[in-house]
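Take a look at the structure below.
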Amino acid sequence: MTMPYHALRGVSTKDWSFDDIVASSDNFHPVKRVRYDSDLTLALDEYKKSDIPLIIEGWHASDAWDHELLSLNWFAKHAGLPGDRIDVRNVHTWTDDSIPLHEFIAKSRSIGPAVVEGEGERLYGKDAICPAAWSDWLHNRSDIPRQVLPDDQSNILNALPESSRVEHLMCYLGVGDTFTPMHKDLCASYGHNLMTYTENGGSSYWFMTRGRDAQQVAEYFHDLQQELDHENYVISLEELRRAPFPVYIVEQKLGDMVFVPPRSAHQVVNSGGITVKTSWSRMEFGSLGVALFNELPIYRRVCRRETYKVKSLVHHFLLRTAQLLEDQLE
């Protein structure tokens, strides 16, 4: 896929400062931060009720954090990607390719942290399947609350038979000025993103909205002659300052876990050295109705794949719930 270069305007993070960006507009608000060793039950309850993004910070300081396992060097040796290749996007041309993982890492370590004039290639490693050892650490050895993990029974995505499930535990590897354009997570799911590794001051800037503002965000994109659900427009800071809805901003660093509400539009721009992020989705009962009546009609209009098989999820969730009730009555 090739996109016009104008989509890249305003994406360079050179001279960016989190404090300066937040202070530059009354429309910008810092995302609330909560320590990993605080009352997370209360924080997660408030997050769901507020419909506002949340950061739980400091996971890399916990005794359970495995610095060696979660390093880029370990990933390079043991990731087990098909053919030891990673899918990449050149953010200058918006073209996708697959290259050897070691070549991608070498390119990312040699390139500067910000786009320079005349530069023709800057690669973002996308949608890499999470190594099995990382998944095992996440589910069995980390201190992250069980109820927000991808394999927990509360995640309705797990109601599908294993053969029908969509892989959503992914890794993203990027250097400064690589990005993901403004988008919403699939089918009104909850998004979770943990920064597991950084080099040379690497971080990621997130620009996020409340989930309940999804319609307003879509209309604003139409005013800009763009389609939010095509996921192909990098919105500028100035356009975000003028937006008719609040924008929540975070600079995600090592050990920061970002919680993304259903239907929250968000754009991620990497800054500095290499960052590695591990991401997954969760769907709860309330997500199903929102997906059926709000998101799927949009997908049909813009000719986009559903991916998470919402109607099948409803069917299998009801079967599982009926079986649980039957077991309790016996």
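So in the UniProt record's numbering the end of the sequence shown lands on 330, straight run, no missing numbers.
Every residue, glycine too, gets a C-beta built ideally from N, C-alpha and C.
Residue i to residue j span [Cα, whole Å]
i           : j    : result
G120        : T93  : 8 Å
S98         : Q323 : 44 Å
F207        : D96  : 24 Å
T307        : I235 : 25 Å
Q312        : D15  : Contrary to the premise, residue 312 reads as Ser rather than Gln in this sequence. Rounded to whole angstroms, S312 to D15 spans 47 Å at the Cα level.
V88         : K126 : 6 Å
V22         : Y205 : 11 Å
M283        : L319 : 16 Å
residue 338 : Y233 : Because residue 338 is not part of the residues shown, which for the chain are 1 to 330, the question remains open.
V115        : S12  : 7 Å
S281        : V290 : 15 Å
G58         : D39  : 14 Å
P131        : A79  : 5 Å
E295        : S287 : 10 Å
residue 351 : A64  : Residue 351 cannot be examined here, being either before or after the span of the chain that is shown, 1 to 330.
S142        : Y47  : 21 Å
I111        : M182 : 25 Å
S135        : H168 : 12 Å
A43         : K49  : 10 Å
R263        : A218 : 11 Å
F104        : F285 : 39 Å
K77         : N27  : 44 Å
R242        : N200 : 33 Å
S62         : Q225 : 46 Å
D229        : V268 : 16 Å
D20         : G202 : 18 Å
R165        : I156 : 11 Å
M170        : Q328 : 36 Å
I144        : N193 : 12 Å
Y299        : E326 : 36 Å
T41         : P53  : 15 Å
Chain-order list of residues whose beta-carbon lies under 8 Å from that of residue i (same chain, five-residue window excluded)
i    : result
Y197 : L70, S71, L72, F75, L254, I274, T275 and V276
I55  : V31, K32, R33, V34, V250, Q252, D256, M257, V258 and F259
H29  : V22, P246, V247, Y248 and I249
L81  : L101, A128 and I129
Close beta carbons around residue i, own chain, < 7 Å, minus the five adjacent residues each side
i    : result
E227 : F221 and V302
Q216 : P244 and F245
V310 : C187, L288, A291, L292 and L296
K107 : L123
E239 : L224
E68  : W74
Whole-angstrom C-beta distance between residue j and residue i, which should lie under 8 Å
i    : j    : result
A159 : K184 : Between K184 and A159 the Cβ distance is about 22 Å, and since that is not below 8 Å, they are no contact.
A128 : T209 : Incorrect: roughly 27 Å between the Cβ atoms, too far for contact.
S279 : Y172 : 6 Å
V314 : F179 : Contact doesn't hold; Cβ gap of about 34 Å is too wide.
W137 : D66  : 6 Å
G118 : N270 : That belief does not hold up - the Cβ atoms of G118 and N270 are roughly 21 Å apart, past 8 Å.
Residues that residue i bridges to, as DSSP identifies them
i           : result
L54         : K32 and F259
residue 332 : This structure gives no information on residue 332, because the portion of the chain shown stretches from 1 to 330.
P297        : P297 is not bridged to any residue.
W280        : H192
T275        : G174 and T198
Own chain partners of residue i with C-beta closer than 6 Å, once the 5 adjacent residues on each side are dropped
i    : result
H316 : A159 and L160
P261 : D51 and G211
D37  : none
S113 : Going by the sequence as given, residue 113 is Pro instead of Ser. Around P113: G176 and G272.
M3   : The predicted position of M3 is uncertain, since its pLDDT is 44 and thus under 50; a value taken from the coordinates is nonetheless stated next. Once the five neighbours on either side are set aside, the close Cβ partners of M3 are W94 and N232.
Q147 : S154
D152 : R146
I86  : L101, F104, G125 and A128
**Item:** Uninterrupted alpha helix (DSSP H) stretches inside the segment 114-196 (no shorter than 4 residues)
**Value:** 132-140
**Item:** Those runs of the beta strand (DSSP E) which lie wholly inside the segment 36-99 and span at least 3 residues
**Value:** 54-57 and 85-90
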